[in-house]
Amino acid sequence: MNFKNKVCWVTGASSGIGEALCYIMAKQGARLVLSSRNAHALEKVKSACKSKGAKECVIIAIDLADPSSIDRAFKSFSSQFSSLDFLVNNGGISQRGLALETDFKVDRKVMEVNFFGAVNLTKKVLPLMIKQGSGNISITSSVVGKFGFPQRTAYSASKHAVQGFYEALRTEVEKEGLKVSIIIPGRVKTNISIHALEGDGSEHGKMDAGQEEGMPVDKAVQIIAKGLLSGKREIMVGGKELKLVQIRRFFPSLFYKIVARIKHT
Ligand SMILES: NC(=O)c1ccc[n+]([C@@H]2O[C@H](COP(=O)([O-])OP(=O)(O)OC[C@H]3O[C@@H](n4cnc5c(N)ncnc54)[C@H](OP(=O)(O)O)[C@@H]3O)[C@@H](O)[C@H]2O)c1
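The number in our numbering is simply the position in the sequence shown, starting from 1, with 1 added.
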């Protein structure tokens, strides 16, 4: 199976994982819907997708922190498409800062974008997929959706919330013929740390060392695309940091010793 002629709606398509995933889908002849806030960046991704072979490529702007924007995006989608094969809830923001120094508005913002935005959009497309009796809904979680990590209280909370929602959703919709894939990246080299929010809500503005050393995004999306096409329930992608998931589960004391020593960015 590949993405040929499949309608694929990707949020966070303007950069990083979302952008690179769209290029794989485009090369295989997908019908793409690109969403994020930055229309200028999306135009560039759109023209690259077209030149790589996308069967169709439309931009639908969306701000995942704004429910009315999600309403408008879904209306626009429904007026242009009558089916949906893949919804990739990938748009998201990270956070850098100790809980003690992080304004509550940052906790809310990260939850709005990473959790409520994805859930809202998912609920909008769900009736269509149920009617079709097919479709894959995916969400980009994180390894910190599996354990806590310093300076990521809001981010880790949003990704734990995502894990819970989509795990539970899967138990309801698999019998309807739908697949729910939870993508769990470790460190992938993207601009995520640059756009991360600091305690006062300002942008972190730096490529962190850990991010810089992350898996190249083109390699990461090969694994993600394969996982989506095979309807995998969990798609783990990254380097040795993924081992922390098992260490946290089976050797929690060792896990806390390790994270206490980690450079926190
Ligand atoms: N890179 C990693 O190591 C890593 C690890 C674990 C999980 N993840 C997750 O992977 C996903 C993609 O991140 P990335 O690494 O590719 O980082 P990225 O390059 O910064 O991409 C983030 C994407 O999310 C979009 N976005 C941010 N806020 C948005 C909003 N309010 N409404 C709509 N779209 C919004 C951005 O587009 P606009 O700015 O145009 O809106 C951008 O396209 C995120 O969910 C992130 O949490 C990444």
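Every residue, glycine too, gets a C-beta built ideally from N, C-alpha and C.
With a threshold of 16 other beta carbon atoms within 10 Å, A40 falls short and is exposed. In the structure shown, T12 adopts extended strand secondary structure according to DSSP, grouped into three states.
Within a 10 Å sphere around the beta-carbon of Y167 sit 16 or more other beta-carbons, which makes this residue buried. Its chain contains M2 as the residues whose beta carbon lies nearer than 6 Å to that of L230, once the 5 sequence neighbours on both sides are disregarded; these appear in chain order.
Each residue's CA atom was taken as its position, placing G93 and K76 some 22 Å apart. Sequence-distant Cβ neighbours of R109 in its own chain, meaning closer than 6 Å and more than five residues away, do not exist here.
Nearest to V189 by alpha-carbon distance, out of R250, S142, Y257, K227, is S142. With distances taken between CA atoms, I140 lies nearest to I225 out of I225, H205, G240, A210.
For T123, the enclosing alpha helix (DSSP H) has its first and last residue at 119-133. Of the residues F105, A210, V8, the one whose Cα lies closest to the Cα of S194 is A210. Cα atoms of K147 and H161: separation of roughly 7 Å, rounded to the nearest angstrom. Collapsing the DSSP output to three states places R249 in a helix. Between V145 and the set N6, R250, M26, G17, the nearest pair of CA atoms involves R250. Judged by the Cβ position, R188 qualifies as a neighbour of ligand 1 at the 7 Å threshold, a heavy atom of the ligand being closer than this. Judged by the Cβ position, V59 fails to qualify as a neighbour of ligand 1 at the 7 Å threshold, every heavy atom of the ligand being at least this far. Taking a cut-off of 8 Å on C-beta distances, the stretch 83-99 touches the stretch 118-133, as three or more cross pairs fall below it. Taking C-beta atoms under 8 Å as the contact rule, L65 and T12 qualify, at a distance of about 7 Å.
I183 is bridged by DSSP to I140, E235. Under the DSSP assignment, E57 falls in the beta strand (DSSP E) whose first and last residues are 57-60.
Secondary structure of E214 (DSSP, three-state): coil.
Judged by DSSP in its simplified three-state form, R73 adopts helix. For V145, no beta strand (DSSP E) run applies, since DSSP gives it neither H nor E. V222 has its Cβ no nearer than 7 Å to any heavy atom of ligand 1. A residue is called buried once 16 or more other Cβ atoms fall within 10 Å of its Cβ, and Q212 is buried on that count.
Here S36 is bridged, per DSSP, to T12. In the DSSP assignment, R97 forms no beta bridge with any residue. Assignment of R188 by DSSP, reduced to helix, strand and coil, places it in the coil class. Taking 7 Å as the cut-off, the C-beta of V120 does not count as close to any heavy atom of ligand 1.
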